[in-house]
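S.K.: Mind looking over this structure? Questions follow.
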Ligand SMILES: [Zn+2]
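Numbering (UniProt numbering), first residue to last: 1 to 986.
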């Protein structure tokens, strides 16, 4: 086979492997949600009415979107008025005098759709609802709105339609503004103004419309006011800004007015009010994860049917015993008021009870009776009806699971005490309560125990297949790692003529075994009616292990070849080192100091390690060592920066200017090697950077002054972004330069404008230093000649893997969804739209990976390793981290811990995924940097060698090389051959 054919075959095999890798990671990323976050959505239950005597005639549900509990309740320093004040004095007066309050703890993801679904339907929707799209997709389950007499809803087009469309036709009316209204850069208060105005307009309309009037005044209605202003101002200006605070103040005032107007309109005091939030907001101005700032929302209930505040001695306030709570509550001045916390879904039960409707069928909420002002017996009955609603779901689910299992193992808690016995006991106590009210607490305890066991049972049923699916995923991961390593060995380590690929075995036995396993598994899946996703999880381990088994000889031979010449102790040492290294990176995910230490270690060990082995002059070596040392020290500061970045014009402009200067310097030094067209392209790229500084500066200044996004800045920003990324790449691919320095400069300049536009503060500097580091890394690695080629490959891969993590953490990111501030994307998209905004953030995220990937590609070429060998090795070991975090995922404890554990897992997978994706990209970008280029470098080194042969030092080098058994084709063996030649001539 010719080299060209070989190359082609290698290329296509690798492409297939990368493609499999991308799909594998995407699907296994999803598995976590299928395993850990599925809600038991079942259908066909009977309804249970909450109470026969509804306490209130109508209910107002007022939701301050993204309104944090601490900001609603506490005394806050207002940057506008420059004094400490309560932002919601009216709501506070309610807590102090009229209603009951507590915190509503939300689940993850802390987003608007799941938040609203939890409080309105009592149901924690699957995370997979994200893929359904936030807005238009109706909820396909029951809700409080659906059970109300009629619901009038006002607010955002992102939220209202899903409940309107999910309910019985005509049941829910909506008044929504258009999307263009949600301009992040104009005043968010307008959004809330719209809501209140349209509500009053409805009341107004009813005065001359008898039918509407009758409908509005009937019992059991719900009025839902969705106030998006706080969320919008929090996203744009962060939840400690004047804008966010002013919005809270505004809605508070409006609610005060609303209560009076509602009283006047209905002419009674039979209205119940609930104020809460769907989720909070992190200090980054975003939400989504389980940070307390996101999960803690206020819940205040007042009016008809709601309990008055219970005054207590602060000593009896249980929350003050908790360190975190104590600190958080320190500026609330509510120590002497009893606080009742709920889970977000409990709000659904509370609402149902207040208007006496059926509990929503899919609700897992539990009635928080402390909030309710009603007779004890009614409340207990309501609580029991709530249990029956939960029980319906349990029974349906039990049926579903049991029917589909070969050998069903019952939920043990109902084995100890049966459902019937629980029900009998509860009904007996309720019966007795008619005569003896003292039995109240006993009844409550009993029902609450029943509830929690039902919920536990639901959880048990939901996770029934856990062990199996987790095992499949684990086998998949290990399979992928081993398979990738096998491919790596086949492509780069085992000589082509020694591969076992072409052996004419048909693998009959193996096919039979794997075929049988597949058939059995599919049969089990079918029988258990498992969702389609599970089949995808199954495909990978089967395929991967089949392949591993097929090529097991290559794996063993390749492994031995890879570590050839090393004794067992050395092998163990290397193995231990790799484990420690991976472990420290895993710790680094939560303790970013580790990354700083690793950089510090790299800063001096690298030059020392290579010092003895360099073939270059001492002077050049010292120069590059010093610059490497400096870069590492500077870079080491980045991962420990405060992730809450504050927009800094100075930083943005400084980094932009440095990028420009680097461009100019690079151009000056390298222009001799460029063609005319290339010169003009590079000048054009430098101009684009300057243009990006201009547009960003203009946008930032205008946005900071609250003047909205100037259209020209937006247009220039978009044009620069698109042109800079696409145009030079195309031109270069037509007119490629094979010099690797020029290539690296071009890549640096290609992504610089985009990074400049999307930078918030110090990320631009990181981009510069990271690029410099990679460039120096290429230089410093190519200076060494000694050492086993494979170990060198391993070393570069491990440091590459470390830099892969830095590509993420270096820009000040932390592994948390809500740490991605939207500040930077407002310069391009002023109106909230999660998907394009997410795409832009993703672009910013992926750029350092792209730099790294091209850098690794260049090291490959420079050192004369086979094309792609480094990244291939990185990709194959990358998932050790994913597997580690897969087992670290928490499902219990605080949502913060759960959230962090999930983010870590996703991030580890993303690392692997990104490197695979950018690999595909860099293959295109690096296309054209030929071996020819490396030949030039080799000629150079040969020239140096020729010089050195006359030198006395040569003997030493020769000795070193002889000690090392190097593979054919390396500089070392060439030297050896040359040496022999010289001897022959002699
Ligand atoms: Zn939001």
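Idealized CB from N, CA, C, for every residue including glycine.
The model shown is predicted, which means the values in this text are computed figures rather than measured ones.
Over the uninterrupted beta strand (DSSP E) stretch that includes residue 560, give me the two end residues.
M.R.: Taken as a continuous stretch (DSSP letters only), residue 560 belongs to no beta strand (DSSP E), being part of the alpha helix (DSSP H) at 552-562.
S.K.: With distance defined between alpha-carbon atoms, name the residue in 59, 514, 119 nearest to residue 219.
M.R.: The option with the nearest alpha carbon to residue 219 is 59.
S.K.: Is the beta carbon of residue 1038 within less than 7 Å of some heavy atom of ligand 1?
M.R.: Outside the shown range of the chain (1 to 986) lies residue 1038, about which nothing can therefore be said.
S.K.: When you compare the CB positions of residue 25 and residue 652, do they come within less than 8 Å of one another, or not?
M.R.: For the pair residue 25 and residue 652, the CB atoms are not nearer than the 8 Å cut-off.
S.K.: Would you call the stretch 669-686 and the stretch 738-758 touching, i.e. three or more CB-CB distances under 8 Å?
M.R.: yes
S.K.: Helix, strand or coil: how does DSSP classify residue 866 here?
M.R.: coil
S.K.: Using the C-alpha atoms, what's the distance from residue 498 back to residue 739?
M.R.: Between residue 739 and residue 498, the C-alpha separation is close to 34 Å.
S.K.: Once you ignore the five residues that flank residue 102 on each side, which residues in its own chain have a CB closer than 7 Å to its CB?
M.R.: Non-local beta-carbon contacts of residue 102 in its own chain, meaning distances under 7 Å to residues more than five positions away in sequence, involve 299, 339, 340, 341, 342 in chain order.
S.K.: Excluding the 5 residues preceding and the 5 following residue 313 in the sequence, name in chain order all residues of the same chain whose CB lies nearer than 8 Å to its CB.
M.R.: 336
S.K.: What is the C-beta distance between residue 676 and residue 742, in whole angstroms, given that I count them as a contact (C-beta under 8 Å)?
M.R.: Contact between residue 676 and residue 742 does not hold, since their C-beta atoms are separated by about 14 Å, which reaches or exceeds 8 Å.
S.K.: Within the continuous alpha helix (DSSP H) that includes residue 573, where are the two ends?
M.R.: 568-588
S.K.: Roughly how many angstroms lie between the CA atoms of residue 693 and residue 812, to the nearest whole one?
M.R.: 21 Å
S.K.: Following the continuous alpha helix (DSSP H) through residue 990, name the residue where it begins and the one where it ends.
M.R.: A question about residue 990 goes unanswered here, because the residues of the chain that appear run from 1 up to 986.
S.K.: For the candidate residues 95, 403, 458, whose alpha-carbon lies nearest to that of residue 123?
M.R.: With respect to the C-alpha of residue 123, the residue from 95, 403, 458 having the closest C-alpha is 458.
S.K.: Sorted by chain position, which residues of the same chain lie with C-beta nearer than 8 Å to residue 776's C-beta, five sequence neighbours on each side aside?
M.R.: Counting only Cβ-Cβ distances below 8 Å, and skipping sequence neighbours, we find 624, 627, 628, 631.
S.K.: Based on DSSP bridge pairs, tell me the residues matched to residue 85.
M.R.: Bridge partners of residue 85: 76.
S.K.: Where in the stretch 322-405 do unbroken runs of the beta strand (DSSP E), each at least 3 residues long, occur, reported from the N-terminal end onward?
M.R.: none
S.K.: Between residue 231 and ligand 1, is the CB less than 7 Å from at least one heavy atom?
M.R.: yes
S.K.: What residues match up with residue 150 in a beta bridge as DSSP calls it?
M.R.: 221
S.K.: Cβ of residue 64 versus every heavy atom of ligand 1: is any distance shorter than 7 Å?
M.R.: no
S.K.: Taking the alpha carbon of residue 806 as the point to measure from, which residue in 592, 696, 146, 647 has its own alpha carbon closest?
M.R.: 592
S.K.: Going by DSSP in three states, residue 820 sits in which element: helix, strand or coil?
M.R.: Annotated three-state conformation of residue 820 is coil, per DSSP.
S.K.: According to DSSP, what are the bridge partners of residue 176?
M.R.: 155
S.K.: Counting only the same chain and skipping the five closest in sequence on each side, list residues whose C-beta sits under 6 Å from that of residue 332.
M.R.: 73, 74
S.K.: Check whether the stretch 386-394 touches the stretch 359-366, taking contact to mean three or more Cβ pairs, one atom from each stretch, closer than 8 Å.
M.R.: Contact annotation: the stretch 386-394 touches the stretch 359-366, with at least three C-beta pairs closer than 8 Å.
S.K.: Using only the alpha-carbon positions, how far apart do residue 345 and residue 850 sit?
M.R.: 43 Å
S.K.: What does DSSP give as the partner residue(s) for residue 793 in the beta ladder?
M.R.: Note: residue 793 sits in no beta bridge, so no partner.
S.K.: In whole angstroms, what separates the C-alpha of residue 159 from that of residue 225?
M.R.: 11 Å
S.K.: Give the single residue among 162, 180, 452 whose Cα lies nearest to the Cα of residue 172.
M.R.: Scanning 162, 180, 452 for the CA closest to the CA of residue 172 turns up 162.
S.K.: In the DSSP assignment, the alpha helix (DSSP H) including residue 301 goes from what residue to what residue?
M.R.: Premise fails: residue 301 lies in the beta strand (DSSP E), 296-303, not in any alpha helix (DSSP H).
S.K.: Let's test the definition: count the other Cβ atoms within 10 Å of the Cβ of residue 541 and tell me whether it reaches 16, buried, or not, exposed.
M.R.: buried
S.K.: Confirm the yes/no value for this check: CB of residue 156, any heavy atom of ligand 1, distance under 7 Å.
M.R.: no
S.K.: Terminal residues of the continuous alpha helix (DSSP H) containing residue 694?
M.R.: For residue 694, the uninterrupted alpha helix (DSSP H) run begins and ends at 676-704, by DSSP.
S.K.: Which value, in whole angstroms, describes the spacing of the CA atoms of residue 411 and residue 460?
M.R.: 7 Å
S.K.: Tell me, which residues are paired with residue 105 by DSSP?
M.R.: In the DSSP output, where bridge partners are listed per residue, residue 105 has 296, 343.
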